[in-house]
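A.B. asks:
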Amino acid sequence: MHKGYLTGPVLGALWLVVIATTAAITLSFSTGAAFRPQVLLCLIWGAIAGLVYVRFPMRRAPARLGISALLGLSGLTGFGPVLIGADTSVQAVLVTVVVMAVVMHPSLAAILKETPFAALTRHEFEDAVIRFCTGFGYIFFTAIVVIPFYVMVMTSLKSQQALLQNPLDFSVDLNQGAALFRSYTELFRDFNFGTYLWTSFFVSVVTVAITLAFSVPGAYAVARFRFQGQKAFSRSILLIYMVPMIVLALPIYIAFSVTGLRNSILGIVMIYPVTTIPVALYMLQGYFRGLPTEVEEAGLMDGLSRLAVIWKITLPLSLPALASVSLYVFMIAWNEFLLAFMLLDDPSKFTLTRGVTMLNSSEIPRQHLMAGAVIATVPIMALFLGLERFMTKGLTAGSVKG
Amino acid sequence: DTIRFWTTEEQPERLAKQQEMADQFKADTGTTVEVIPVTETDLGTRATAAFAAGDLPDVVYHPLQYALPWAEAGILDTEAATEVIEELGAGTFAPGALAMAAFNDETASVPVDGWTQMVVYRKDLFDAAGLDAPSSFANVVTALDALHNPPEMYGFVAATKVDENFMSQVLEHVFLANGVSPVGTDGFQALDEAKTTEVLHFYKAISKASPPGELYWKQSRELYFDGKAAMIIWSPFILDELAGLRDSAPPTITNDPTSRDLASKTGIVTNFSGPSNPDGAAWGDVRYFGITNDADTDAAMEFVKYAMDQGYTQTLAIAPEGKFPVRRGTADNPAAFSEAWAQLPVGVDRKAPLGELYDQAMIDEIVNGLDVAQRWGVAEGQLALASKMINSQAINRVVRQYIDDEIDAAAAVAAMNEELAKVQ
Amino acid sequence: MSSATPPTATGALAKREARLAWALLAPTVISVSLVVILPLLAIIWISFKPFTLSDLRPPAPIVRESLRGSGDDMRIEYRLRNSSQEIAIDGVSFSDVLPDGVTVGEVTAPCVLDGQQLLCDFGTLEGGQRERIRIPITVDGDLDAFEDLVENSEPDVTGSGPNVLTNLDFSLENFARVFDGSEFWGVLWVTLFYTVFGTIGALVMGLFAALLLNKSFRGQGIIRGLYLFPYVAPVIAVAFTWVTLFDPFSGSANALLVQMGISSEPINFFGERPLALIMVTVFEIWRYFPLSFLFILARMQSIDSSMYEAADMDGASPFQKFWLLSIPQLLGILSVLFLLRFIWTFNKFDDIFLLTGGNAGTRTLTVNVYEQAFAISNIGAGAAVAVVILICLIAFSFVFFRFISREEGL
Amino acid sequence: MGSIELKAVEKWFGSAQVIKGIDLQIEEGEFVVFVGPSGCGKSTLLRMIGGLEDISRGALSINGNDVTDHPPSKRGLTMVFQSYALYPHLTVAENMGFSLKVAGVSKAEIAKRVGHAAEVLKLEPYLERRPKDLSGGQRQRVAIGRSIVRDPTAFLFDEPLSNLDAALRVEMRYEIAKLHQSLNRTMIYVTHDQVEAMTLADRIVVLEFGTIAQVGTPRELYERPANLFVAQFIGSPKMNVMPCSVSGDRFQLDNDGAGPFDRTGAATKLGIRPEHITVVAPGAGHSDGVVEVVEYLGADMFVIVDCGTGEMVTVRLGGDTDLKPGTKIGLHFAPDKLQFFDADGQAL
Amino acid sequence: MGSIELKAVEKWFGSAQVIKGIDLQIEEGEFVVFVGPSGCGKSTLLRMIGGLEDISRGALSINGNDVTDHPPSKRGLTMVFQSYALYPHLTVAENMGFSLKVAGVSKAEIAKRVGHAAEVLKLEPYLERRPKDLSGGQRQRVAIGRSIVRDPTAFLFDEPLSNLDAALRVEMRYEIAKLHQSLNRTMIYVTHDQVEAMTLADRIVVLEFGTIAQVGTPRELYERPANLFVAQFIGSPKMNVMPCSVSGDRFQLDNDGAGPFDRTGAATKLGIRPEHITVVAPGAGHSDGVVEVVEYLGADMFVIVDCGTGEMVTVRLGGDTDLKPGTKIGLHFAPDKLQFFDADGQAL
Ligand SMILES: Nc1ncnc2c1ncn2[C@@H]1O[C@H](COP(=O)(O)OP(=O)(O)OP(=O)(O)O)[C@@H](O)[C@H]1O
Ligand SMILES: Nc1ncnc2c1ncn2[C@@H]1O[C@H](COP(=O)(O)OP(=O)(O)OP(=O)(O)O)[C@@H](O)[C@H]1O
Ligand SMILES: [Mg+2]
Ligand SMILES: [Mg+2]
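Chains as they are written, first to last, in this note's numbering: chain A, 70 to 471; chain B, 16 to 439; chain C, 324 to 733; chain D, 4 to 351; chain E, 4 to 351.
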């Protein structure tokens, strides 16, 4: 295996399969037309290309460019790496040809750079394999992450009927203007999504506020004070964190039913913080432990009481952590589904997630369901992208919570 | 005053119509009606939970299967319902519908509307292949052999999703067609092994001619609309979308979602027979207004009376294709509502009267189904027990095991008998 | 000089700190124990009781009062009913004050009239028993106003039935039911499959993704953000998207598979055994790989880079560096993650519930809690399953804490 | 104003005793330095004085008042931390004025006192900056400024200079010395750097595992260490110590070297500082040895000699020499600089 | 075996030039030390030699072969890092044998060579321990052992001792010196510690912002610094530098001090080391000044004198003195030790 003339073709062949599959899927999803990677031909073409790329190093570019171009053009014949369906538009065919050629050249050149034709050292061989895996990894992960979200958004913009006809065709007709967002207007008009959005927002914000009010003092005490039971306490935080929600939901359901708190926003607002307080406590105490004690001790020496130290020194210093925790808690509350599902019956009180469940349960067209999913996702995504730094920190600090 | 009204008709268009009626009711009486949609699959749980919390609505629009169990559980105020019926005139109601909800000399809930399940099939293909209409097990099996050609065309789309009511309905339909019932006059009655085996064979045959996986009404309709199924079992609610009148469930067999093409190629069968029951049977469902025990009884009764009288046409207009009147008229005009109903346009995004879409013969077939409609336990006076048996989904599970080839027919019958015997 | 034993008294500072600590912790302790500890105890309690959803409302007598008849035949009617069809209620009676301006006719047993005060005593009311009390009256004055008066005054009712929730009858019936037959072991097997493969899969994928991103390049932040999407998005949105995507009849995934010639007919991903179980596991992996990825990446970036430089000088190849250096270094975080994720996946409910509802061989223990308690309305059985989960959990936590105290941190 | 007294002070962390009964009287205006090896309890002792750690046993009084149970804020002391411990969210001026603001002093007064301190420490140009925009030396100056502003009974310093680089450390050392001269307040200073201790202290307290090994002026410690620990701890390169025995008025080294002995007691160790040894011809001094390494350091030359007594002997020679490794030489010890220690390590 | 040559080597990080064209020839077996202020490029240069950083321009040859483009593993060099860079999950023996293992050497051979290195470094008792169970000095020894095992062409050290405490540093310094004597391999050693540089080096390379300020033996650098930078960088306390002017054969200080001048060129700065100044009566020396601070350090005494030339002048006095701050004194400069620098800082 450690020979350039073997490594090159093998990697080339596999790589072409990857590219061809990616291209076929991408084009299928964007045009709805039929594209199909031809694995066997891919292997052959790729092997040839790989051989050319190791045989003719950097300085002999024409041979490399030639094979890549040929490879692209072969798409027109039916013997190319991607088989293009008969009724595909000319543009799509051209795009395929160009993309195959243009993507193939630099990527294969990158993978097989510094890979000599003859014997390879262990390093050269492994480097080539790693570059191949890296390329594959990026494509793979991006695909699995992007495709569902792409499908979600595009489905919400199409009509049920169009999708049933060709589930692959996600192209949308931009000329229809506002009609494109028909599902969304219907959700807001007929399905009360405006209210749900507001309820979710309200519930999440209140949850964040209550959570912080409880967990900041608690976390500080656990992190800073030496007192009996402190260790047991830190542990039980983690332990509580591990109790499955469904187990708690059952007695809570009963208790709320009996006390009449079920089916009320008040009940939700009471119960959400309790699920988030352990998380927040855990995150914050980690952060507080990390804060230098000296600064607080300086405060003590400067004449402050402990509480004043917390208020005037620790809290201002913890703003970034508080932001992270708040965002994380907000996310948990916003995404919460189980309790909302079990406790809320009345559509006028639904949170967004509960509202989306409702869309699933009847003969409501699928684009509505997907539009609901988009409405639930977009705010949290926007928040996430805008405050990525805090959010990522929140995630890493907090939690392994599922 | 405000009363709360739970309805399983939760599609926005239908909700709107109910709200409209509620608004008129308010205009007439000053009582506000809050119309609350409840998903049908959740209805049982939600009602029990609400009962436990003392939080029941005033009126519930519910299917037959809940009438007697709820009356027994103390959820329904049967007296109030009976009183409403008496005030409206028991004679104006279809007697069958009242009988189905009879509970200790009273009626558990007020019957509203009904429909019968039917076999929907591709008449064009049947004609082309020279097949008889699928009105019996034998005809269906013959047609399967001729038409089953996956993946272009599936012979049938049988219900296989165990936890869907739809499967219970279809199964009961098939059992009834062969004259098999798990209840007798004295309660549980073991399923007849020979007849049940015929049913099981048949059901396995149609499920083998179905696509794999967990199927229920949704897949049946999608496949049929896509021209990929020769036969399905469905309720009459399909009739409007079949004619391209509803955009959220369009026929996709052609590129035109408004086409009535498929409607014209479709035939239906309501009375379905098995080898041991040549007379056949139709599976019917009736929906009721239940007045609950936590209700503001007077207002609730008032509302039900209104919806069954002045508002009755509107109630039916929610989806006329699946809501045949069980109250045929008033004391003065015994056919008032049947006649009004016949004029109601069906459809959502486009509207047309049924008569415009299908030939009269077919419409007659549909409507007359209600006369032969049956349910387990109705004749025997054991509807409550039968409902519980159905709600336990034991039959669904065992049948599924059988069609998945996990057990043989004899074992399946034994297993069903064992499970059903446990239901009290 | 100094004594050899530590002093027993706590210092002033320590005392002040401890006092403040408890004051700060009190609200959290109280609220968490109210909503976590108490319910857990409750669920253990319930698991030993034959308790169904409808038992939430103990049987009680219900009285309805109305004015009936007209003219001479006027009467006030009381209709009394046991809300339960089975359970008897003891000590049932009701009393009502009849409005002024009414002349009462004959009152029959079990009722007696004392002035305007009507008292009816029924003793025990059997399950399903109904009573109708008719009080003939004559009224002077406005009938409508009087009707309102009658029907708006509520009679006082006494009598109560046994409350299943609070009495001291216990039974093992729920557990017998839970462990009955092959179903439980099936559920346990599904749970373990889902948990083990979901956890391992997420770890492996996370490791791979972390390796990809463990270098700095432009756009690294964006890609990292992108890869976190599955975790950040609401479960409800992504679960429904998956269901849509893999729908056997109109899902794009199936269309793609058919078009590419991988499968000749659509596959019902979430509806067939054992594919459904595999799919929910894949979903779990997909949704939670970002988390392992984040943690592994953080750990990777904290590995001293000079160690790799030393390995470069020592002549180790890239794979050797990965196997001999990176993996051993990551073993700690991987095992902690494994344990935590294992517990969390074990606890997972939402995902499966939304994807398959626990059908097609995907019913895990948590889904079973819901099924038992709500679909079958047998809360007692649900609680019994929950107790089984809790026992597993205690076992896991035990392992976890033994491990984490060794592995310190995280 | 400014006297501090510790009486039999002990500190226990759980069952571990870290401070083992310390008595110490610090006079008003004195500059006292705590030195000792890492982990000997210097910081703990300082923090106990400051009130940041409980005093497990014993008593602490400031100006004659028992403050053992007082919280830090009531002791009137200030502390300068190794890590500066500035408030990162406040500007320099706010940092320095923080304690006054907390105490409710008027704004004008705060501004005046901060201005004064800034002047003393040459911090005026930086008053509006945040700590993160300052260099290490400037930060430490702000920390000192924060203390000055409060006009405390005494200043506590915990290794204030050890995060600075060498050049800055020298500079800040001069400044602290000058500050002590001008303010004339009691200062207690913890360091592990001998040079700081020697140059700054009025008195040095050498700690060894939670007990006081010796208290005295720098000169006392260098010239008359009370025990072997202090002898070896103070001075760099450290004192050469050789096992010896005594017979009458002569001492005898393990390697046949010998010399006169004028103390009383049973000396088992002889100590001599590197600068008190001169190189002579073999046999002409108190001991012979072989040159192992010659280290040229510009101004000085250190010759490491193997005398066969186990440890190497370091000799400091001013300026040039032409000794080569391997040469056999004699070593002459300045007789009046010899130190003798008994078996317990106590100086004779 | 072991000669290394750098030809016009440059390093650019983006558009920042960190190494500005360095030519250097290192002979076989030589011990070369790179010193310089922080950030001057010492580590970068070392890493370029080791192959951990690309060489932006210029060429590097080892034993006459151009290795500019070779990966680290092919250069036959080893490196000892400041942070030890041990593999934390491997035992000491595995750490030392790692390079052999990845090269596929047989187990027996690995054991033999590791055993040998462990013997040299006295690591035998620790072979089965993990790095975290070792002290800092032991860890550094393992790191060195890892290098020895490979029997490299040359050893590269990047501040190997700066994470150790003072006493240990001295000890490890001796060991490295002895190692060099016994192995006789080329060693390149980066440090910012003068003492290490002076005592270990055959030749010192002083770097200043990516260029070589001077290369030479320690004595050359101390006694004949090529420029002001080296003069002030080498020696502690650092050389006193005063502005001066020259008229004929006499130099003139800003404060009226003066003396004979025997070089050619326009000197603008006069340099004199603290140990080359003696205290005389006011007016009797080259310059007068007032004592600012007297620092007692045991063996030495540093007197900081304000001569009115801007910077303080440090005088080193051996042993005792009774000078008090504020005394006016005269300073006499040893005439043959005077250094003069021109306006560019070049020595005359
Ligand atoms: N909170 C604590 N709990 C238990 N032991 C402690 C605590 N703080 C300090 N110690 C122990 O007390 C001893 C003295 O610590 P201290 O910090 O006073 O030493 P130090 O002399 O300041 O050392 P260094 O020069 O390293 O700062 C050490 O052995 C330390 O491990
Ligand atoms: N990867 C890098 N990218 C950009 N600049 C760098 C990089 N590495 C080093 N530098 C810069 O190169 C210069 C020299 O760095 P180098 O680490 O070689 O200094 P040094 O002399 O070793 O300093 P020190 O004594 O602090 O270790 C510094 O200004 C540093 O900021
Ligand atoms: Mg300390
Ligand atoms: Mg460096």
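Note that the Cβ used here is the ideal one computed from N, Cα and C, for glycine as well.
Keep in mind the model is a prediction, meaning the values are calculated, not measured.
1) Expressed to the nearest angstrom, what Euclidean distance is found between the alpha-carbon atoms of valine 355 (chain C) and isoleucine 306 (chain A)?
2) Just checking phenylalanine 16 (chain E) against ligand 2 - is the residue's beta carbon closer than 6 Å to any of the ligand's heavy atoms?
3) At 4 residues or longer, what runs of the alpha helix (DSSP H) sit wholly inside the stretch 145-230 of chain D?
4) Sort B:Phe171, B:Leu359, B:Glu354, B:Ala296 by Cα distance to glutamine 329 (chain B) and report the nearest one.
5) Whose C-beta lies closer than 8 Å to the C-beta of alanine 269 (chain E) among residues of the same chain, with five residues either side of it excluded?
6) For tryptophan 248 (chain B), list the residues DSSP reports as bridge partners.
7) So if I threshold CB-CB distances at 8 Å, which residues from the stretch 638-650 of chain C count as touching chain F?
8) Where does leucine 334 (chain D) fall in DSSP's three states?
9) Does tryptophan 15 (chain E) pass the burial test, meaning 16 or more other C-beta atoms within 10 Å, or should it be called exposed?
10) Answer yes or no: does any C-beta atom of chain E fall closer than 7 Å to that of proline 338 (chain D)?
11) Go ahead and pull the three-state DSSP assignment for methionine 223 (chain A).
12) Can you give, in chain order, each stretch of the beta strand (DSSP E) that sits fully within the stretch 70-136 of chain B and has at least 3 residues?
13) Does the separation of the CB atoms of tyrosine 322 (chain A) and threonine 276 (chain A) fall below 7 Å?
14) Check distances from the C-beta atoms of the stretch 197-221 of chain E to those of chain D and list, in chain order, the residues that come in under 7 Å.
15) Using a Cβ-Cβ distance under 7 Å, would alanine 337 (chain C) count as near chain D?
16) Closer than 9 Å, Cβ to Cβ, to anything on chain A: give me those residues from the stretch 46-78 of chain B, in chain order.
17) The beta strand (DSSP E) that contains arginine 253 (chain E), what's its start and end?
18) Anything in the stretch 295-310 of chain E with a Cβ closer than 7 Å to a Cβ of chain D? List those residues in chain order, please.
19) So is valine 209 (chain D) buried or exposed if we call it buried at 16+ other beta carbons inside 10 Å?
20) Taking all protein chains shown into account, decide if glutamate 607 (chain C) is buried (16 or more other Cβ within 10 angstroms of its Cβ) or exposed.
21) Looking only at its own chain, which residues have a Cβ that is under 7 Å from the Cβ of aspartate 262 (chain B), when we skip the five neighbours before and after it?
22) Under 8 Å: do the stretch 40-50 of chain D and the stretch 407-426 of chain B share three or more Cβ pairs, one atom per stretch?
23) Report the partner residues of asparagine 405 (chain C) according to the DSSP bridge assignment.
24) Say the cut is 6 Å; is the CB of lysine 72 (chain A) nearer than that to a heavy atom of ligand 1?
25) If you draw a straight line from the alpha carbon of glycine 1 (chain D) to that of arginine 339 (chain C), how long is it in whole angstroms?
26) If you measure from the beta carbon of serine 658 (chain C) to each beta carbon in chain A, is any gap under 7 Å?
C.D. replies: The structure says:
1) Roughly 10 Å separates the two Cα atoms.
2) Checking the Cβ of phenylalanine 16 (chain E) against ligand 2 gives yes.
3) Listed in chain order, the complete alpha helix (DSSP H) runs (minimum 4 residues) inside the stretch 145-230 of chain D are 169-186, 197-203, 221-226.
4) Cα-wise, what sits closest to glutamine 329 (chain B) is B:Leu359.
5) Cβ neighbours of alanine 269 (chain E) beyond the five flanking positions: Val249, Asp345, Ala346.
6) The sequence shown places isoleucine at residue 248 (chain B), not tryptophan. Beta-bridge partners assigned by DSSP to isoleucine 248 (chain B): B:Val134.
7) Protein chains A, B, C, D and E are contained in the structure displayed, whereas chain F is not.
8) Note: leucine 334 (chain D) maps to strand in three-state DSSP.
9) Exposed, by the Cβ-count rule.
10) So no, proline 338 (chain D) is outside the interface.
11) In the three-state scheme derived from DSSP, where H, G and I count as helix and E and B as strand, methionine 223 (chain A) is classed as helix.
12) Taken in chain order, the whole beta strand (DSSP E) runs of length 3 or more contained in the stretch 70-136 of chain B are 74-78, 125-131.
13) In this structure, threonine 276 (chain A) does not lie closer than 7 Å to tyrosine 322 (chain A) by Cβ.
14) Considering only beta carbons, the part of the stretch 197-221 of chain E lying closer than 7 Å to chain D consists of Val198, Met201, Thr202, Pro221, in chain order.
15) True, the Cβ-Cβ gap to chain D drops below 7 Å.
16) Of all residues in the stretch 46-78 of chain B, Glu49, Ile51, Pro52, Val53, Thr54, Glu55, Thr56, Asp57, Arg61, Ala64, Ala65, Ala67, Ala68, Gly69, Asp70 have a Cβ within less than 9 Å of some Cβ in chain A.
17) Element bounds for arginine 253 (chain E): 253-256.
18) Here the close residues are Val296, Glu298, Tyr299, Leu300, Gly301, Ala302.
19) Within a 10 Å sphere around the beta-carbon of valine 209 (chain D) sit 16 or more other beta-carbons, which makes this residue buried.
20) Classification of glutamate 607 (chain C): buried, given that the 10 Å Cβ count is 16 or more.
21) These residues qualify, in order along the chain: Pro272, Asp364.
22) Between the stretch 40-50 of chain D and the stretch 407-426 of chain B, the count of Cβ pairs shorter than 8 Å is below three; the stretches do not touch.
23) Answer is C:Pro384.
24) Not one heavy atom of ligand 1 falls within 6 Å of the beta-carbon of lysine 72 (chain A).
25) Past the edges of chain D, shown from 4 to 351, lies residue 1 (chain D), and the structure says nothing about it.
26) False, the Cβ-Cβ gap to chain A never drops below 7 Å.
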